[in-house]
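Trainee: Sharing a structure below in structure tokens format, with a few things to ask.
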Amino acid sequence: MVAIAAVAALVAWLRLPPAARDTLWAEDGRVFVQQRAAGGPFETWFVPYDGYLHLVPRVVADLAWSWLPVGGLASGVTVLACLVAGVVAAGVWSCSRGLVPSNAVRLALAAVTVLVPLGPLEVAGNLANLHWYLLWLTPFLLLHRYRSTTATVLAAVAALLVGLTEIQAVLLVPLVVLARLLRRRPAPTRRDLVPVAVLGAALVVQVVVSALTPRADAPGAASTVPQVVLGYLTSVVLGTWVPSASTMGGLLDGAGWSVVLVAAVPFVASALVVIRSVGRSTVRRSDDDASGSVAPERMVLASVAAVASVGLWTLDVVVNHGPDTKFWFADPGRVSELGLTRYAVVPSMFLLVVVLCAVDALLLSTRRRLRAAGAAALVALAIVAAAWFVGPDTVRADGPRWEGSLGVAEDVCDDGAEVADVAGAPAGWGALLSCEVVDEVP
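Basically the numbering used here = 1-based index in the sequence shown + 2.
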């Protein structure tokens with residue numbers, strides 16, 4: 003697991019353009035670093051922001067501020083964020099055991115954490131979007147069957163961190179519970195229920211915090227049902243294979259919505275393969291499944307992932323409505339103007355879960371042709387990941403770099419100011435630091 007975490011963290015780092023690695027993004031500077039700089043250790047961990055708690059980003063910001071020199075803060079934050087992503091990848095690898103018996107598929111699921119094509123757009127390598135990785139981990143964490151007290155305790159800690167960081171996990175808990183109720187055998191043990199209970203309790207805290215410190219309403223008009231649907235088809239379905247707004251816009255302008263239909267074929271076909279595998283004895287017995295039938299567990303994972311993909315996208319664009327969620331039948335190519343959005347990343351990852359569940363069914367088939375098809379599908383996914391290894395539209399690819407921003411801040415302090423704005427991205431989201439701190443930078 004340590005090797006998986008380390009390699010995944012390195013991959014997450016390498017996928018970011020050089021300037022992005024040395025640029026603080028949005029809340030990283032204006033909220034997490036700035037508030038930690040103004041306070042002391044531990045003081046900001048449970049301070050709500052925008053309606054809920056952000057425990058993991060605040061803990062990481064606290065560690066970065068306490069351990070790292072101010073001059074290397076932005077790069078250090080990026081490294082720490084990539085390490086968190088690596089740990090999540092290792093968690094997915096571990097928790098997918100018994101859900102998808104193929105080790106190749108388990109490794110692919112872990113790789114999705116850092117290789118999802120849409121990842122570098124905005125989510126990868128920053129604190130403001132760490133919560134998406136925790137959301138991605140959640141179904142694996144809750145569906146896994148725990149065999150030891152140590153594993154159960156670690157899962158409970160992870161569930162607590164998820165719940166006190168990502169309020170959207172409230173959508174996944176009932177999905178997992180419902181899936182377990184429908185899949186009655188083997189029944190979950192007390193150990194299996196511990197992470198569910200801990201996450202549920204943490205989410206109750208989040209709901210209370212949200213009620214006491216409500217977030218401001220999102221600007222703009224609410225998204226309509228057609229806009230939500232079309233946004234999903236473009237940003238999520240097509241975006242999984244073509245994570246570039248300009249390329250996607252060109253395809254939609256040239257071929258219209260037929261491009262989306264083609265992009266949807268792998269997902270529909272994968273769902274059919276998973277469903278078909280449940281009623282067929284085409285797989286070898288697995289040591290990870292007491293009943294000898296792995297297909298139902300795979301079906302549970304694929305079902306939760308598919309529903310979560312649609313549900314999370316709908317929740318996000320309805321709550322955070324804005325121009326980047328507006329798509330029209332009459333002008334599909336306008337996506338190149340509006341751009342893609344971070345709200346598509348985890349829904350895209352969950353769609354890839356469905357594909358990989360189908361690959362798992364194929365690889366474990368008793369038929370050679372089906373096993374070959376599963377191997378070919380894995381190769382195809384690897385080619386897509388390699389083609390989009392470096393994100394084409396990374397939001398902070400042009401900086402401003404932290405070193406240069408500190409230089410400007412030093413000039414401001416030299417002119418007699420007490421506080422300087424150390425610029426980040428986007429504009430207006432820099433960290434306000436005291437000149438005492440800025441002047442200490444060598």
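Glycine residues also receive a C-beta, built at the ideal position from the N, C-alpha and C atoms.
From the DSSP output, in three-state form, read off S436 for me.
Mentor: Three-state result, S436: strand.
Trainee: Could you please give me the residues that DSSP links to Y54 through a beta bridge?
Mentor: Y54 pairs with Y51.
Trainee: Within its chain, find whatever has a CB closer than 6 Å to the CB of N128; leave out the 5 residues flanking it on each side and keep chain order.
Mentor: Here the set comprises W27, D30, A83.
Trainee: So what's W95 in DSSP terms, helix, strand or just coil?
Mentor: Residue state, collapsed to three classes: helix.
Trainee: How many whole angstroms separate the CB atoms of A112 and L380, which I take to be in contact at a CB cut-off of 8 Å?
Mentor: So it is not a contact: roughly 13 Å between Cβ atoms.
Trainee: Taking 7 Å as the limit between beta carbons, can you name the residues of its chain near L314, skipping five residues before and five after?
Mentor: Closer than 7 Å at Cβ, skipping near neighbours: Q170, L173, V348, P349.
Trainee: Who are V421's beta bridge partners in DSSP?
Mentor: The partner list for V421 (beta bridge, DSSP) reads S436.
Trainee: With DSSP as the reference, label G294 as helix, strand or coil.
Mentor: At G294, the pLDDT of 40 sits below 50, so the modelled position is not reliable; the number obtained from the coordinates is stated separately. Coil at G294, not helix or strand.
Trainee: What residue range is occupied by the uninterrupted alpha helix (DSSP H) comprising W134?
Mentor: Here the alpha helix (DSSP H) through W134 covers 132-145.
Trainee: Leaving out five residues on either side along the sequence, give the residues of the same chain with a beta carbon under 7 Å from the beta carbon of A422.
Mentor: The residues are A411, V414, C415, L435, C437, V440.
Trainee: With burial defined as no fewer than 16 other Cβ atoms inside 10 Å of the residue's Cβ, what is the status of R23: buried or exposed?
Mentor: R23 comes out buried.
Trainee: Closer than 7 Å by C-beta to S98: which residues in its own chain qualify, once you throw out the five before and the five after it? Chain order, please.
Mentor: R108, L111, F142, listed in sequence order.
Trainee: What does the alpha-carbon distance come out to for the pair A92 and D417?
Mentor: Those two C-alpha atoms are separated by around 49 Å.
Trainee: Can you tell me which of R403, A384, W431, L372 puts its alpha carbon nearest to the alpha carbon of G74?
Mentor: Cα-wise, what sits closest to G74 is R403.
Trainee: Taking C-alpha atoms, which residue in L353, D255, F44 lies nearest to V267?
Mentor: Here the closest residue by C-alpha is L353.
Trainee: My output table needs one value for S68: the three-state DSSP class, helix, strand or coil.
Mentor: Reduced to three states, the DSSP call for S68 is helix.
Trainee: According to the Cβ coordinates, are A310 and V238 closer than 8 Å?
Mentor: Contact: no.
Trainee: Measure the alpha-carbon distance for V280 versus L274 and round it to whole angstroms.
Mentor: Cα to Cα, V280 sits roughly 10 Å from L274.
Trainee: Does DSSP classify A427 as helix, strand or coil?
Mentor: DSSP places A427 in strand when its eight states are reduced to three.
Trainee: With a cut-off of 8 Å, does the C-beta of A39 fall near any C-beta of chain D?
Mentor: In the structure shown, chain D cannot be found, because there is only a single protein chain.
Trainee: Within 10 angstroms of its Cβ, does F48 collect 16 or more other Cβ (buried), or is it exposed?
Mentor: Its Cβ having fewer than 16 others within 10 Å, F48 is exposed.
Trainee: How many angstroms separate the CA atom of S104 from the CA atom of V114?
Mentor: Taking the straight line joining both Cα atoms gives about 15 Å.
Trainee: Taking three-plus beta-carbon pairs below 8 Å as touching, is the region 51-58 in contact with the region 159-169?
Mentor: Short answer: they touch.
Trainee: Would you call G41 buried or exposed, if buried means 16 or more other Cβ atoms sit within 10 Å of its Cβ?
Mentor: With fewer than 16 other Cβ atoms within 10 Å, it is exposed.
Trainee: Applying the criterion that 16 or more other CB atoms from any shown protein chain within 10 Å of the CB defines a buried residue, is V355 buried or exposed?
Mentor: Answer is buried; the Cβ neighbour count reaches 16.
Trainee: For S117 and V261, what's the separation of their Cα atoms in angstroms?
Mentor: The residue you asked about is not Ser; residue 117 is Leu in the sequence shown. Going from the Cα of L117 to the Cα of V261 covers about 23 Å.
Trainee: Distance, Cα to Cα, L254 vs G241?
Mentor: Roughly 12 Å between the two C-alpha positions.
Trainee: Taking only runs that begin and end inside the region 332-386, name each unbroken alpha helix (DSSP H) of 4 or more residues, in chain order.
Mentor: 337-340, 347-365, all fully within the region 332-386.
Trainee: Alpha carbon to alpha carbon, how far is D400 from E299?
Mentor: Roughly 44 Å separates the two Cα atoms.
Trainee: From the DSSP output, in three-state form, read off W259 for me.
Mentor: Looking at W259 - three-state DSSP - the assignment turns out to be coil, as it is neither helix nor strand.
Trainee: Alpha carbon to alpha carbon, how far is V35 from Y51? Give it in angstroms, no decimals.
Mentor: If I take the Cα positions, the gap works out to 13 Å.
Trainee: Identify, in the order they occur along the chain, each residue of the same chain with its Cβ nearer than 7 Å to the Cβ of V386, setting aside the five sequence neighbours on each side.
Mentor: Same-chain partners within the cutoff: P119, W243.
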